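Undergrad:
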Amino acid sequence: MVSGSLGKLNGLPATIVITTTLQDLTDAVGVGITAGGTVLPMSDVIREAREAYHCLAVFDRHTNIPLYLGRTRRTASPGQRIVLYARDLGCMFPTCTTPGYRCEIHHCDPWRGDGHTNVDALAQTCPGNHRMTEGDPATRWTVRLRKDGLVEWVPPPKLDTNGPQVNNYHHPGRLLTRHHHRPRTTGTLRS
């Protein structure tokens, strides 16, 4: 990496993007996750950040970094791609396991419909799922960024999937840190 001779991926110089939390980094515990889906122990995250020109994205709480290009450019900039690699970690379609390095960048509000190329209006999606956002409005999925920063997919009107869906595959910690709790079930065990 230091030599700079590793080429490019999706138009970006070869770069390792590692995502972790501020708490885990401060405590030197836990793991970091690369945009390719590799889980690294914190000792490796710290060593990699120290030894080369890597992008270490650290989030205390998930917020969008304001990288705005508006209507001046249709394609995401290298900086925006790095932020999206770190934020999404992969395709955001529900249950998709495609890592970030193999994804395309999707405009949540279509570019041809006056959408902007702003990081808070973009999401990662694999090529196959990206195609599901095109075509007839009655059969295409819609992608939007919620106020809490999560990317959600809204199914077409004729597809009953219980409403908008979020992909937690790349962010399993979300399932462990939800602020709401399911009601306890009570009952009697019978033998």
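In this note's numbering, each residue's number is its place in the sequence shown (first place is 1) plus 117.
Idealized CB from N, CA, C, for every residue including glycine.
These figures come from a predicted structure and were not determined experimentally.
1. Using a threshold of 7 Å, state whether the C-beta atoms of L206 and G217 are closer than that.
2. Taking the beta strand (DSSP E) that G248 falls in, what are its first and last residues?
3. Could you tell me the boundaries of the alpha helix (DSSP H) in which R198 lies?
4. Enumerate in chain order the residues of its own chain whose CB-to-CB distance from V260 is below 8 Å, with the five nearest sequence positions on each side excluded.
5. Where do the N-terminal and C-terminal ends of the beta strand (DSSP E) with T278 fall, by residue?
6. Going by alpha carbons, who is nearest to R204 out of L293, N279, D265 and P281?
7. Can you give me the Cβ contacts of A238 inside the same chain, cut-off strictly under 8 Å, excluding the 5 residues immediately before and after it?
8. Does the distance from the C-beta atom of T137 to that of G149 stay below 7 Å?
9. Could you please give me the residues that DSSP links to A240 through a beta bridge?
10. Which one of T143, E165 and R219 has the shortest CA to CA distance from L201?
11. What are the boundary residues of the alpha helix (DSSP H) that includes T143?
12. Using DSSP bridges, identify the partner residues of R190.
13. Keeping to the same chain, check which residues put their C-beta closer than 6 Å to that of T278; ignore five residues upstream and five downstream.
14. In three-state terms, what does DSSP make of I163?
15. Checking the sheet assignment: what are the DSSP bridge partners for L262?
TA: So, to answer that:
1. For the 7 Å CB-CB criterion, L206 and G217 form a contact.
2. The sequence shown places Arg at residue 248, rather than the Gly named in the question. No beta strand (DSSP E) holds R248; DSSP gives it neither H nor E.
3. Start and end: P195 to D205.
4. Around V260: M209, H223, C225, A240, T242, T250, V268, E269, W270 and V271.
5. Unbroken run through T278: none, as it is neither H nor E.
6. Nearest C-alpha to R204 among L293, N279, D265 and P281: D265.
7. Excluding positions up to five away in sequence, the list reads H224, C225, D226, G232 and L262.
8. Contact: yes.
9. Among the bridge pairs identified by DSSP, A240 is matched with H223.
10. Closest in alpha carbon position to L201, among T143, E165 and R219, is R219.
11. Note, T143: alpha helix (DSSP H), L139 to D144.
12. Looking at the DSSP assignment, R190 forms no beta bridge with any residue, so it has no partner.
13. Closer than 6 Å at Cβ, skipping near neighbours: P272.
14. I163: helix per DSSP, three-state reduction.
15. DSSP lists V268 as partners of L262.
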